[in-house]
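Chemist:
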Amino acid sequence: GSFGYSMSRDGERRFELRRAAAVVVGDRIAIPRGDGGELQLARVHSVRRSVQRGAFHPHTLEGDIVIDGVLASCYSSYVHAALAHALLAPFRA
6 GSFGYSMSRD GERRFELRRA AAVVVGDRIA IPRGDGGELQ LARVHSVRRS VQRGAFHPHT
66 LEGDIVIDGV LASCYSSYVH AALAHALLAP FRA
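Residue numbers 6 to 98, in my numbering, belong to the letters of the sequence shown in order.
(1) So the candidates are Ser11, Tyr10, Val29; which of them puts its Cα closest to the Cα of His50?
(2) Give every residue of the same chain whose Cβ lies closer than 8 Å to the Cβ of Ala86, excluding the five residues on either side of it in the sequence, and list them in chain order.
(3) With DSSP as the reference, label Arg48 as helix, strand or coil.
(4) Rounded to the nearest angstrom, how far is the Cβ of Tyr10 from that of Ala35, given a contact under 8 Å?
(5) For the alpha helix (DSSP H) containing Pro95, list its first residue and its last residue.
(6) If you compare alpha carbons, which of Leu88, His62, Arg54 is closest to Ala148?
(7) From the DSSP output, which residues share a beta bridge with Thr35?
(8) In chain order, which alpha helix (DSSP H) runs of at least 4 residues are fully inside the segment 61 to 92?
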């Protein structure tokens, strides 16, 4: 499954990776604001599942990607994010 960045549910003001399938109405997700790299929060108003045919899993050197205006992780549950990021380290050098 895919991951995105959402505000922690424990009341602390920090972002955490959350499986897209685990996002629920009321969660706050990270939305990039302009080109400055700043993030703003947007509350989730609805959730729907989309199943598509084929493989859709792009990777960036930074490990993040913006999809439909939402900041998401390139990593998935198939390979642990820390391991995948380490494997891409030689390409970032």
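Beta carbons are placed, not taken as given, at the ideal position from N, Cα and C, and that holds for glycine.
Modeler: Answer, in terms of the structure:
(1) Measuring C-alpha to C-alpha distances from His50 to each of Ser11, Tyr10, Val29 identifies Val29 as the nearest.
(2) In chain order, Phe8, Leu22, Gly68, Ser78, Tyr80 place their CB closer than 8 Å to the CB of Ala86, counting only its own chain and leaving out the 5 sequence neighbours on each side.
(3) Here DSSP, grouped into helix, strand and coil, assigns Arg48 to strand.
(4) About 4 Å; that satisfies the 8 Å criterion.
(5) Taken as a continuous stretch (DSSP letters only), the alpha helix (DSSP H) holding Pro95 covers 94 to 97.
(6) Residue 148 lies beyond the stretch modelled for the chain, which goes from 6 to 98, so this question has no answer here.
(7) Contrary to the premise, residue 35 reads as Ala rather than Thr in this sequence. DSSP output for Ala35 lists Leu46 as bridge partner(s).
(8) List check, alpha helix (DSSP H) in window: 86 to 92.
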